[in-house]
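The block underneath contains the structure these notes are about, expressed in structure tokens.
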Amino acid sequence: MKRIVIFASGSGSNAENLIKFFHNSDSATVIQVLTNNPHAKVLDRCKQLKVSALSFNRISLSKSEDVLNILRTSKPDLIVLAGFLWKFPELILKEFTNKVINIHPALLPNYGGKGMYGMHVHEAVVKNKETETGITIHYVNENYDEGAVIFQAKCDVLPTDSADDVAKKIHLLEMEHFPLIVDKLMK
Numbered sequence: 023m024k025r026i027v028i029f030a031s032g033s034g035s036n037a038e039n040l041i042k043f044f045h046n047s048d049s050a051t052v053i054q055v056l057t058n059n060p061h062a063k064v065l066d067r068c069k070q071l072k073v074s075a076l077s078f079n080r081i082s083l084s085k086s087e088d089v090l091n092i093l094r095t096s097k098p099d100l101i102v103l104a105g106f107l108w109k110f111p112e113l114i115l116k117e118f119t120n121k122v123i124n125i126h127p128a129l130l131p132n133y134g135g136k137g138m139y140g141m142h143v144h145e146a147v148v149k150n151k152e153t154e155t156g157i158t159i160h161y162v163n164e165n166y167d168e169g170a171v172i173f174q175a176k177c178d179v180l181p182t183d184s185a186d187d188v189a190k191k192i193h194l195l196e197m198e199h200f201p202l203i204v205d206k207l208m209k
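Letter by letter, the sequence shown follows residues 23 to 209 of this note's numbering.
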């Protein structure tokens with residue numbers, strides 16, 4: 023059975039979706055969720071779903087080997103960033119080469135980089151009068167949102183769409199495609 027560790031920073035809807043998707047899987051399971059936010063709703067979701075969850079601080083992630091040692095113990099086959107907002111440290115990327123992926127709420131390379139997450143992305147898409155947007159699932163490297171693209175899915179942006187409307191469309195794409203792409207990577 024392959025092992026998945028998820029990193030999240032907020033509500034954890036993508037994390038919950040992945041946990042539920044793999045709950046009865048024969049190929050993989052989510053063994054742990056790690057968060058940089060001790061008040062993140064993802065911790066409550068994990069408690070309800072009976073999945074181990076831990077929070078950590080910036081020093082534990084980037085300035086020491088604390089989080090790396092947790093991962094060494096967990097031995098994940100794949101690390102999934104699902105709404106994780108901090109830059110992922112090179113010391114973990116070096117040890118888990120090509121085993122860290124992220125989901126981004128836009129069609130990279132557009133609307134990527136530091137500070138481009140969540141509503142910031144959707145507001146920029148609407149402000150720039152884009153006619154389409156989507157999601158990108160990609161490998162993580164040392165730069166924000168620049169790793170090799172694994173998968174993209176698109177949706178239309180109507181002239182009447184608000185950033186909230188775009189966010190809802192993106193959320194539907196994430197719920198539909200993210201577990202399926204993670205599952206393919208696990209096989």
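Idealized CB from N, CA, C, for every residue including glycine.
Contact under 8 Å by Cβ, residue i with residue j
i	j	result
residue 9	residue 129	No information on residue 9 is available, as it lies outside the stretch 23 to 209 that the chain covers here.
residue 122	residue 103	yes
residue 125	residue 196	yes
residue 64	residue 32	yes
residue 179	residue 143	no
residue 25	residue 82	no
C-alpha distance - residue i paired with residue j, whole-angstrom precision
i	j	result
residue 40	residue 56	14 Å
residue 171	residue 111	19 Å
residue 30	residue 182	31 Å
residue 100	residue 138	24 Å
residue 140	residue 79	21 Å
residue 109	residue 48	32 Å
residue 27	residue 92	10 Å
residue 187	residue 23	38 Å
residue 43	residue 84	30 Å
residue 205	residue 157	17 Å
residue 149	residue 185	9 Å
residue 86	residue 106	19 Å
residue 192	residue 94	33 Å
residue 134	residue 168	8 Å
residue 120	residue 163	9 Å
residue 62	residue 36	13 Å
residue 207	residue 190	26 Å
residue 145	residue 68	30 Å
residue 46	residue 161	26 Å
CA nearest to the CA of residue i, picked from the options
i	options	result
residue 77	64, 35, 58 and 168	58
residue 127	97, 159 and 149	159
residue 203	54, 132 and 50	50
residue 165	190, 179, 136 and 196	136
residue 73	81, 60, 54 and 179	54
residue 176	209, 132 and 67	132
residue 60	45, 34 and 46	34
Closer than 7 Å: residue i CB and nearest the ligand NAP heavy atom
i	result
residue 42	Within the structure as shown, the ligand NAP is missing, as the structure has no ligands at all.
What are the uninterrupted segments assigned as beta strand (DSSP E) that are 3 or more residues long and contained completely in the stretch 70 to 156, given in chain order? Segments of the beta strand (DSSP E) lying fully in the stretch 70 to 156: 74 to 77, 100 to 103 and 122 to 126.
Per the contact definition of three or more C-beta pairs closer than 8 Å, is the stretch 148 to 159 in contact with the stretch 110 to 119? Between the stretch 110 to 119 and the stretch 148 to 159, the count of Cβ pairs shorter than 8 Å is below three; the stretches do not touch.
What runs of the alpha helix (DSSP H), each 4 residues or longer, lie entirely inside the stretch 25 to 62? Taking only runs of at least 4 residues, the alpha helix (DSSP H) segments lying wholly in the stretch 25 to 62 are 35 to 44.
Along the chain, which unbroken stretches of the alpha helix (DSSP H) at least 4 residues long are found entirely within the stretch 147 to 208? Taken in chain order, the whole alpha helix (DSSP H) runs of length 4 or more contained in the stretch 147 to 208 are 185 to 208.
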